[in-house]
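Below is one structure, written out as C-alpha cells; the observations come after it.
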Amino acid sequence: DITSVDRRNADRERLTLRKAQNLCNAFSKSRLQEGMIGTITSGLNYHYDDEEDLRHSQQQLQSPSWFRIFNCLLERMNVHLWRDRANLVGRLTQLPIFVPFLILYIGRLGYSMGSIQDRMGLIYQSTQAPPYIGLTNALAIFPALRELYYRESQDGLYSTAMFLAVYFVHILPFNILSSTFFAAFLYWVVGFNDDLLAFGMFVLVIVMLSQFGEMMAVAVLGVFRTTQLSSDTTSLIFSASGFLATGLIRSVATQPKILRWLGYIAIHKYSTEIVIGNEFHGLKFDCPGGESCAQTGDNFLETYYPGALDNISRNFSLLGGFSVGILIFAVFMFKLRGSPTLH
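In the UniProt record's numbering, the protein residues as written are 1 to 343.
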C-alpha cells in the first residue's frame with residue numbers, strides 16, 4: 001500500500017492522484033519494467049516441459065512467513081487509521097473527555113460517611129466507561145476492516161486468528177494511551193488513594209477493561225453484520241456484568257445464588273475488587289463534630305468485599321486471562337458465523 005487515491009475531498013483527491021500517476025510514470029521508465037517486458041517477450045518462444053516446470057514451481061513457490069503477514073496487516077491497519085483523522089482523534093480522546101463530567105457531579109472526595117457512596121459511584125463509572133468506549137471505537141473502525149477481511153480470507157491470504165491477533169495488537173497502544181490519560185486525570189483530581197502502587201494498578205485495570213470491551217464488541221460484530229444489533233447486544237452484556245458482578249448497585253450477598261454464580265464469569269467482578277480494595281484499605285472517616293468514626297475502610301471491605309486485598313494477585317491473573325480469552329472467543333465467534341456471501 002505505497003499510495004492510493006484519497007477521495008474524501010477534491011484537494012486530497014487531486015494531490016493523491018498526482019502522486020499515484022508520478023509513481024506509475026516512474027515505474028514505466030524503470031529498469032524493472034524493461035526487465036519484466038524482456039522476460040515476457042522471451043517467454044513467448046519458450047518450450048514448456050510440464051513435468052519439469054511443475055517440479056520447479058513447487059520448489060520455488062513459498063508462502064510468506066507468519067511474521068511478514070502479521071507485520072504487513074499491522075502496518076496497513078495503522079496507515080488506514082492515520083488517514084482517518086477523525087477516528088484517530090476520537091480513539092485517543094473519547095475516554096479522557098468522560099472525566100470532566102464525573103468531576104462535575106462529584107468534585108473532590110471527602111472523608112465523611114457520605115463519601116463512601118461517592119467513592120462507590122466513581123468506581124462504578126470508572127470501571128463501566130472503558131468497555132463502552134471500546135465498543136464505540138470498534139463500531140466506528142472495525143466494520144470496514146471486517147469487510148476487507150472477508151474478501152481476502154476467502155482468497156486464502158491469511159486466517160481468522162491472524163487477522164484478529166493483528167487487530168488486538170493494533171488497538172493496544174491506543175488503549176494504553178487513552179486509558180492512562182483517563183486514569184491519571186480522574187485519579188488525582190478527585191482524590192483517590194494517593195499511593196503510587198494503587199494508582200499503577202488502577203491504570204492497568206482501565207487498560208484491560210478497554211481492551212476487553214473493544215474485543216468483545218469485535219466478537220459480536222463477527223456474528224452480526226448490523227452494527228446497531230451488535231451495539232445493543234454488547235451493551236446488554238456490559239450492563240449485566242456491571243450490575244451482577246460489581247456489588248456496587250446491589251450487594252452480591254443479597255443476590256439470588258444463580259446470579260452470584262453468574263458473576264464469577266464477569267470481568268467486572270475482579271476489576272472492581274482490585275480498585276475497591278486499594279481505595280478503602282486504611283481509609284478513615286470523619287463523623288460530625290470532627291470525631292473519628294467507628295466505621296473504617298477496612299471494616300467496609302470486611303463486610304462487603306472480604307478478601308479483596310488478599311486476592312489482588314489472583315484478580316490480576318484472571319484479568320489477564322480475560323484479555324487473552326476474549327481474543328480466542330472472538331476467533332471462535334467468527335468461525336461459528338463463517339464468511340458471508342459477498343455481493
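Heads up, the beta-carbon is just placed ideally off N, CA and C, and yes, glycines get one too.
If you reduce the DSSP assignment to three classes, tell me which class ASP195 lands in. The sequence position of residue 195 within the sequence shown is 195, counting from 1. Coil at ASP195, not helix or strand.
Where ASP1 falls, given that 16 or more other Cβ within 10 Å makes a residue buried: Locating residue 1 in the sequence shown gives position 1, where the first residue counts as 1. Residue confidence is low: ASP1 scores 48 on pLDDT, short of 50, so the model does not pin down where it sits. Its coordinate-derived value is still stated next. ASP1 is exposed by the Cβ-count criterion.
Which word fits THR226, buried or exposed, when buried means at least 16 other C-beta atoms lie within 10 angstroms of its C-beta? By 1-based counting over the sequence shown, the position of residue 226 is 226. Exposed: under 16 other Cβ atoms inside 10 Å.
Under the three-state reduction of DSSP, which class applies to ASP298: helix, strand or coil? For the purposes of this step, residue 298 is taken as residue 298 along the sequence shown, with counting starting at 1. In this structure, ASP298 counts as helix in the three-state DSSP scheme.
Assuming PHE285 is part of the alpha helix (DSSP H), what are its boundary residues? One-based indexing of the sequence shown puts residue 285 at position 285. Counting along the chain, PHE285 falls outside any alpha helix (DSSP H), though it belongs to the beta strand (DSSP E) covering 284-286.
Suppose contacts are defined by Cβ-Cβ distances below 8 angstroms. Is VAL166 in contact with ARG337 by that definition? Residue 166 sits at position 166 when you count from the first residue of the sequence shown. Residue 337 sits at position 337 when you count from the first residue of the sequence shown. Not in contact: VAL166 and ARG337 (Cβ atoms no closer than 8 angstroms).
Which of helix, strand or coil DSSP assigns to VAL231: Counted from its first residue, the sequence shown places residue 231 at position 231. Note that residue 231 is Ser in the sequence shown, not Val. Helix at SER231.
Give, in chain order, every unbroken run of the alpha helix (DSSP H) that is at least 4 residues long and sits entirely within the region 67-124. 85-97, 99-106
For TYR124, which residues in the same chain have their Cβ closer than 6 angstroms to its Cβ, ignoring the five residues on either side in sequence? Within the sequence shown, residue 124 is the residue found at index 124, counting from 1. Excluding residues within five positions, the ones whose Cβ falls inside 6 angstroms are LEU248.
Put ASP6 into one of helix, strand or coil per three-state DSSP. For the purposes of this step, residue 6 is identified with residue 6 of the sequence shown, where counting begins at 1. Three-state DSSP puts ASP6 in coil, outside helix and strand.
Rounded C-alpha distance that separates ILE276 from TYR187: For the purposes of this step, residue 276 is taken as residue 276 along the sequence shown, with counting starting at 1. For the purposes of this step, residue 187 is taken as residue 187 along the sequence shown, with counting starting at 1. Cα to Cα, the separation comes out at about 13 angstroms.
Distance, LEU92 Cα to PHE174 Cα: In the sequence shown, counting from the first residue as 1, residue 174 sits at position 174. In the sequence shown, counting from the first residue as 1, residue 92 sits at position 92. Each residue's Cα considered, the two are about 6 angstroms apart.
Which first and last residues belong to the alpha helix (DSSP H) in which SER317 is found? For this step, residue 317 is matched to residue 317 along the sequence shown. Its alpha helix (DSSP H) spans residues 312-337.
Is any non-hydrogen atom of the ligand GDP found closer than 7 angstroms to the C-beta of SER115, if you look at the structure I gave you? Questions concerning the ligand GDP fall outside what the structure shown contains, since it holds no ligand whatsoever.
How is the alpha helix (DSSP H) around GLY263 delimited, first residue to last? If you number the sequence shown from 1, residue 263 lands on position 263. That run of the alpha helix (DSSP H) goes 257-263.
Are the Cβ atoms of PHE212 and ILE326 separated by less than 8 angstroms? Counting from one through the sequence shown, the residue named residue 212 turns up at place 212. Counting from one through the sequence shown, the residue named residue 326 turns up at place 326. Result yes, Cβ atoms of PHE212 and ILE326 sit closer than 8 angstroms.
Could you tell me how far apart the beta carbons of GLY297 and GLY282 are, in whole angstroms, since I believe they sit closer than 8 angstroms? Taking the sequence shown and counting its residues from 1, one reaches residue 297 at position 297. Taking the sequence shown and counting its residues from 1, one reaches residue 282 at position 282. Indeed, because the Cβ distance is near 6 angstroms, the residues count as touching under 8 angstroms.
Buried or exposed for GLY263, going by 16 or more other Cβ atoms inside 10 Å? Numbered from 1 along the sequence shown, position 263 holds the residue referred to as residue 263. It counts as buried.
Three-state secondary structure (DSSP) of ASP1: Residue mapping note: residue 1 aligns to position 1 of the sequence shown, counting from 1. Below a pLDDT of 50, predicted positions are generally treated as unreliable, and ASP1, at 48, falls in that range; no measurement from the model is reported.
Where does LEU139 fall in DSSP's three states? Locating residue 139 in the sequence shown gives position 139, where the first residue counts as 1. Residue state, collapsed to three classes: helix.
Taking C-alpha atoms, which residue in LYS284, ASN311, LYS269 lies nearest to GLN128? On the sequence shown, residue 128 is found 128 positions in, with the first residue counted as 1. Selected option, being the one with the closest Cα: LYS269.
HIS268: first and last residue of the uninterrupted alpha helix (DSSP H) it sits in: To locate residue 268, count along the sequence shown from 1; it is residue 268. Its alpha helix (DSSP H) spans residues 267-280.
Measuring alpha carbon to alpha carbon, tell me which residue in LYS19, PHE185, LEU301 is nearest residue 344. This structure gives no information on residue 344, because the portion of the chain shown stretches from 1 to 343.
Which word fits GLU34, buried or exposed, when buried means at least 16 other C-beta atoms lie within 10 angstroms of its C-beta? Numbered from 1 along the sequence shown, position 34 holds the residue referred to as residue 34. Exposed, because fewer than 16 other Cβ atoms sit within 10 Å of the Cβ of GLU34.
Beta-carbon contacts of MET120 that lie in its chain and below 7 angstroms, excluding the five residues immediately before and after: Here residue 120 refers to the residue found at position 120 when the sequence shown is read from its first residue. These residues qualify, in order along the chain: LEU248.
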